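Peer 1:
2 protein chains.
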Amino acid sequence: MDFPEVLTEARALVTPAMDAALVRLSPEIRRVIDYHMGWRDAEGRPVQRRGSKSVRPALAFLSARAGGGAAGDATAGAVTVEFLNNWAFLIDDVMDRDRYRRHRETAWVVFGEGQAICAGTALLTLAEQVLLECDSPHRLAALRLTLDTSAMMLAGQTLDMTFEQRLDFTVDESMTMTRSKTASLMRCATSIGAILVGAPEDVVDALEEFGQCLGVAFQARDDMLGIWGISDQTGGRPPGFDLKARKGTLPIAVALRDERCGSELRDLLSAHQELPDADVARAADLVAAAGGREWTDDLARRMVMQATKAIDRLDLADDVRGHFEHLAAMGLPDDVA
Amino acid sequence: MDFPEVLTEARALVTPAMDAALVRLSPEIRRVIDYHMGWRDAEGRPVQRRGSKSVRPALAFLSARAGGGAAGDATAGAVTVEFLNNWAFLIDDVMDRDRYRRHRETAWVVFGEGQAICAGTALLTLAEQVLLECDSPHRLAALRLTLDTSAMMLAGQTLDMTFEQRLDFTVDESMTMTRSKTASLMRCATSIGAILVGAPEDVVDALEEFGQCLGVAFQARDDMLGIWGISDQTGGRPPGFDLKARKGTLPIAVALRDERCGSELRDLLSAHQELPDADVARAADLVAAAGGREWTDDLARRMVMQATKAIDRLDLADDVRGHFEHLAAMGLPDDVA
Numbered sequence: 163m164d165f166p167e168v169l170t171e172a173r174a175l176v177t178p179a180m181d182a183a184l185v186r187l188s189p190e191i192r193r194v195i196d197y198h199m200g201w202r203d204a205e206g207r208p209v210q211r212r213g214s215k216s217v218r219p220a221l222a223f224l225s226a227r228a229g230g231g232a233a234g235d236a237t238a239g240a241v242t243v244e245f246l247n248n249w250a251f252l253i254d255d256v257m258d259r260d261r262y263r264r265h266r267e268t269a270w271v272v273f274g275e276g277q278a279i280c281a282g283t284a285l286l287t288l289a290e291q292v293l294l295e296c297d298s299p300h301r302l303a304a305l306r307l308t309l310d311t312s313a314m315m316l317a318g319q320t321l322d323m324t325f326e327q328r329l330d331f332t333v334d335e336s337m338t339m340t341r342s343k344t345a346s347l348m349r350c351a352t353s354i355g356a357i358l359v360g361a362p363e364d365v366v367d368a369l370e371e372f373g374q375c376l377g378v379a380f381q382a383r384d385d386m387l388g389i390w391g392i393s394d395q396t397g398g399r400p401p402g403f404d405l406k407a408r409k410g411t412l413p414i415a416v417a418l419r420d421e422r423c424g425s426e427l428r429d430l431l432s433a434h435q436e437l438p439d440a441d442v443a444r445a446a447d448l449v450a451a452a453g454g455r456e457w458t459d460d461l462a463r464r465m466v467m468q469a470t471k472a473i474d475r476l477d478l479a480d481d482v483r484g485h486f487e488h489l490a491a492m493g494l495p496d497d498v499a
Numbered sequence: 163m164d165f166p167e168v169l170t171e172a173r174a175l176v177t178p179a180m181d182a183a184l185v186r187l188s189p190e191i192r193r194v195i196d197y198h199m200g201w202r203d204a205e206g207r208p209v210q211r212r213g214s215k216s217v218r219p220a221l222a223f224l225s226a227r228a229g230g231g232a233a234g235d236a237t238a239g240a241v242t243v244e245f246l247n248n249w250a251f252l253i254d255d256v257m258d259r260d261r262y263r264r265h266r267e268t269a270w271v272v273f274g275e276g277q278a279i280c281a282g283t284a285l286l287t288l289a290e291q292v293l294l295e296c297d298s299p300h301r302l303a304a305l306r307l308t309l310d311t312s313a314m315m316l317a318g319q320t321l322d323m324t325f326e327q328r329l330d331f332t333v334d335e336s337m338t339m340t341r342s343k344t345a346s347l348m349r350c351a352t353s354i355g356a357i358l359v360g361a362p363e364d365v366v367d368a369l370e371e372f373g374q375c376l377g378v379a380f381q382a383r384d385d386m387l388g389i390w391g392i393s394d395q396t397g398g399r400p401p402g403f404d405l406k407a408r409k410g411t412l413p414i415a416v417a418l419r420d421e422r423c424g425s426e427l428r429d430l431l432s433a434h435q436e437l438p439d440a441d442v443a444r445a446a447d448l449v450a451a452a453g454g455r456e457w458t459d460d461l462a463r464r465m466v467m468q469a470t471k472a473i474d475r476l477d478l479a480d481d482v483r484g485h486f487e488h489l490a491a492m493g494l495p496d497d498v499a
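Sequences listed follow chains A and B, in order.
First residue of the first sequence? That's 163 in the working numbering, and the numbers climb one at a time after it.
First residue of the second sequence? That's 163 in the working numbering, and the numbers climb one at a time after it.
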């Protein structure tokens, strides 16, 4: 099984378990979820399923194997992280006013904000129900981790929103936001499987460190795509959308602390409620000139390296280690234009 | 201890437990909660605490006593229902565009929609953490009930939002919404204490029926206030706000099925995005003429009676029964102008 197969296999394992859980939702919530997941169109007609890459479920399955169990022991954990990830997508899209995801209109654009938020929150609740009802004797520890994770994600999203109202956030604040909003879920994915199979504490600790570092790397790479990505890489979002939306991402935070470029960037970003297309290229150049691009690229690479080191401590089957390393390499910003 | 004291005492018991839980929230989320609860102003300065009437915590404490335990055994349950209730307030206010609650601007008006939604959802997560960590050997059954309750509340809120887009909802649909959106939380409040103390199934069943009926009665009364209530009773909302917002409440659903008044009402409600003040009185008269007021008033009374009957089956201490009956009487629409 080479690299993409680990994702294909994860999706094949997690999808029926998700389907089994989703039957509990009301028809009104279900239609929003089915659209958001890429399973049905806005009118409820089935479409060729696309959906997510299933990175987080794949990590959850590998985590169970790293903890000495079988992939299937982490099914409830894989469903949980996939539901949490989609909860975050659904509510973040509303709050960030993002109109496109995976090359389709976002759920709130199609169904309204309230519907998208309730549907997202229903996934959060459903994730906890799935965990509470699974047959692992360690399910309560996994549930505790999940609740901590969702609390951190909410704190991170809230902090993120405060950034949009001010242009004085620091790199430290942006790192705190990155850790709580994104890395916490990746850490949950890389450790929940091991927790469900009752792995020893040092194994869980190493897997948590792996996920935490990987999460920061993924976000750093995403932050670069939010400025320099092309539409193909960003699910159809306009170029420079993080600049347009004045997001508190890492490269922007780094650039804002630069004396010369930072003040020009601040002037540019604060001149309009939304940065006009004509100014996006100039703002992106300022971020690069201030070193924001290099700093973020370097962070992503260091984090992938630290993640890999964390699992070097573990006694893993060769294929598990190989898959972990392949997935970690997805955090490298090599393909940013 | 006469009637208002049961609420005062409940608040005295639940408030320190809420405070102890809330320290886990991030400062950004905490300021939204403290404002919403009526503990601090928009700038974060402490104000004379007002907050909720604490009906649901009081029911949770009484529920523990009805199940053979002490009030204090239900502290985590009381915190849970109070957090769930405030979660619902925070998100419903955003979705219904309600600008006033408890005679103050709502949290989303002050802090923005995203902040209010994250803060509300943080209360939901925190409620589950409090339950999972409490020391009752029956905490998992209580957690299961709480997850079912939040899932039902989300289904109800979602159904409610679909009503606003159409004026063809039936009385059955409005009842389904009432049961899932409001009554489910009341049922949780009246049974969670008994569950936490390990009461026998027939006791829990009777308390659930009590709460379910009481919840429908409270909502029916609220539906009447949403049309005929005066500002003092509705926390500062404008008169007839449910008509203005085209809510799918019970009296409106009943009126819409009336051949003559229903069609005039439908024309009036659909003529504008928001009903002008001048037409509110006419719309309210149409609802009354169609029998919507009488029907809803009658429902509230029957539900209070059925609730009282449900607990008649139980062997309760006199003071517990008396408090339950007093709280149930709050569902009677006697004071609707």
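Backbone N, C-alpha and C define an ideal beta-carbon position, used for all residues, glycine too.
Given the structure is predicted, the values throughout are model-derived calculations rather than measurements.
So is E190 (chain B) in contact with chain A if we call contact Cβ pairs under 8 Å?
Peer 2: Cβ-Cβ to chain A under 8 Å: yes for E190 (chain B).
Peer 1: Go ahead and label G454 (chain B) buried or exposed: buried means 16 or more other beta carbons lie within 10 angstroms of its beta carbon, across all protein chains shown.
Peer 2: Classification for G454 (chain B): buried.
Peer 1: Under a three-way DSSP split, which group does E487 (chain B) fall into?
Peer 2: DSSP places E487 (chain B) in helix when its eight states are reduced to three.
Peer 1: Taking the alpha carbon of L309 (chain B) as the point to measure from, which residue in B:I253, B:S342, B:D181 has its own alpha carbon closest?
Peer 2: Among B:I253, B:S342, B:D181, the Cα nearest to that of L309 (chain B) is on B:S342.
Peer 1: If you measure from the beta carbon of S346 (chain A) to each beta carbon in chain B, is any gap under 8 Å?
Peer 2: For S346 (chain A), the answer is no, since every Cβ of chain B falls outside 8 Å of its Cβ.
Peer 1: Would the beta-carbon of A228 (chain B) be found less than 7 Å away from any heavy atom of the ligand ATP?
Peer 2: For the ligand ATP, the structure offers nothing, since it holds no ligand at all.
Peer 1: Looking at the structure shown, is E267 (chain B) part of a helix, part of a strand, or coil, going by DSSP?
Peer 2: Note: E267 (chain B) maps to strand in three-state DSSP.
Peer 1: Please state the DSSP three-state secondary structure of D164 (chain B).
Peer 2: With a pLDDT of 49 at D164 (chain B), under the threshold of 50, the predicted position of this residue should be treated as unreliable, and no value is reported.
Peer 1: Find out if the Cβ-Cβ distance for the pair A289 (chain B), F223 (chain B) is shorter than 8 Å.
Peer 2: Result no, Cβ atoms of A289 (chain B) and F223 (chain B) do not sit closer than 8 Å.
Peer 1: Pick out whichever of A:L405, A:D459, A:D460 has its Cα sitting closest to the Cα of A133 (chain A).
Peer 2: Lying outside 163 to 499, the shown extent of chain A, residue 133 (chain A) is not represented and no answer is given.
Peer 1: Please report the straight-line C-alpha distance between P362 (chain A) and G229 (chain A), rounded to a whole angstrom.
Peer 2: So the alpha carbons of these two residues sit roughly 8 Å apart.
Peer 1: Are the region 330 to 340 of chain A and the region 356 to 371 of chain A in contact at 8 Å, needing three or more beta carbon pairs?
Peer 2: They do not touch, by the three-pair rule.
Peer 1: Beta carbon of V366 (chain A), beta carbon of M465 (chain A): below 8 Å?
Peer 2: No, these two residues do not count as a Cβ contact at 8 Å.
Peer 1: I'd like the list of long-range same chain contacts for L169 (chain B), defined as Cβ closer than 8 Å, with 5 residues on each side in sequence excluded.
Peer 2: K215, S216, V217, A220.
Peer 1: How would you call D164 (chain A), buried or exposed, if buried means at least 16 neighbouring beta carbons within 10 angstroms?
Peer 2: Any reading at D164 (chain A) needs caution, since the residue's pLDDT is 49, under 50, leaving its predicted position unreliable; the model's value is listed next. With fewer than 16 other Cβ atoms within 10 Å, it is exposed.
Peer 1: Taking C-beta pairs closer than 7 Å, name the residues in chain A that S312 (chain B) reaches, listed in chain order.
Peer 2: Residues of chain A passing the Cβ test: T287.
Peer 1: Using a threshold of 8 Å, state whether the C-beta atoms of A446 (chain A) and V416 (chain A) are closer than that.
Peer 2: Going by C-beta atoms, A446 (chain A) is not nearer than 8 Å to V416 (chain A).
Peer 1: Would DSSP call R218 (chain A) helix, strand or coil?
Peer 2: Three-state result, R218 (chain A): helix.
Peer 1: If we cut at 8 Å on Cβ distances, does C280 (chain A) have a partner in chain B?
Peer 2: With 8 Å as the cut-off, C280 (chain A) counts as an interface residue toward chain B.
Peer 1: If you run the structure through DSSP and keep just helix, strand and coil, what is P413 (chain A)?
Peer 2: In this structure, P413 (chain A) counts as helix in the three-state DSSP scheme.
Peer 1: Helix or strand or just coil, what does DSSP make of P547 (chain B)?
Peer 2: Beyond the ends of chain B as shown, which are 163 and 499, falls residue 547 (chain B); an answer cannot be given.
Peer 1: Closest by CA to D459 (chain A), which one among A:R428, A:M386, A:D420?
Peer 2: Considering only alpha carbons, the answer is A:M386.
Peer 1: Using CA atoms only, rank isn't needed, just tell me which of A:L321, A:G424, A:R266 is closest to D203 (chain A).
Peer 2: When only C-alpha atoms are compared, the closest one is A:R266.
Peer 1: First and last residue of the alpha helix (DSSP H) that includes P189 (chain A)?
Peer 2: Element bounds for P189 (chain A): 189 to 199.
Peer 1: Given a cut-off of 8 Å on the beta-carbon distance, is the pair A269 (chain B) and H198 (chain B) in contact?
Peer 2: Yes; because the gap between Cβ atoms is below 8 Å, this pair is in contact.
Peer 1: Should S336 (chain B) and M314 (chain B) be called a contact, given that it needs their Cβ atoms to be closer than 8 Å?
Peer 2: No; because the gap between Cβ atoms is not below 8 Å, this pair is not in contact.
Peer 1: Using 8 Å as the threshold, is the C-beta distance between S353 (chain A) and S225 (chain A) below it?
Peer 2: Closer than 8 Å, so yes.
Peer 1: Can you tell me whether DSSP reads R349 (chain B) as helix, strand or coil?
Peer 2: Of the three classes helix, strand and coil, the one that applies to R349 (chain B) here is helix, per DSSP.
Peer 1: DSSP beta-bridge partners for P208 (chain B)?
Peer 2: Its beta-bridge partners are B:R202.
Peer 1: Which residue from A:G274, A:A182, A:I253 puts its Cα closest to that of D258 (chain B)?
Peer 2: Minimum Cα distance to D258 (chain B) is reached at A:G274.
Peer 1: Against E290 (chain B), what residues of chain A qualify as contacts under a CB-to-CB distance less than 7 Å, listed in chain order?
Peer 2: Near E290 (chain B) (Cβ distances below 7 Å), the residues of chain A are E290, L309.
Peer 1: Indicate whether at least one CB of chain A lies closer than 8 Å to the CB of A490 (chain B).
Peer 2: Answer no: the Cβ-Cβ gap between A490 (chain B) and chain A never drops below 8 Å.
Peer 1: When the cut-off is 8 Å and only beta carbons count, does M163 (chain B) lie next to chain A?
Peer 2: Confidence in M163 (chain B) is poor, its pLDDT being 42 and thus under 50, which makes the residue's placement unreliable; the coordinate value appears in the next sentence. Not one chain A Cβ lies under 8 Å of M163 (chain B).
Peer 1: Using a beta-carbon distance below 8 Å, is G276 (chain B) in contact with chain A?
Peer 2: Yes, contact with chain A.
Peer 1: To the nearest angstrom, how far is the alpha carbon of I389 (chain B) from that of A284 (chain A)?
Peer 2: Those two C-alpha atoms are separated by around 30 Å.
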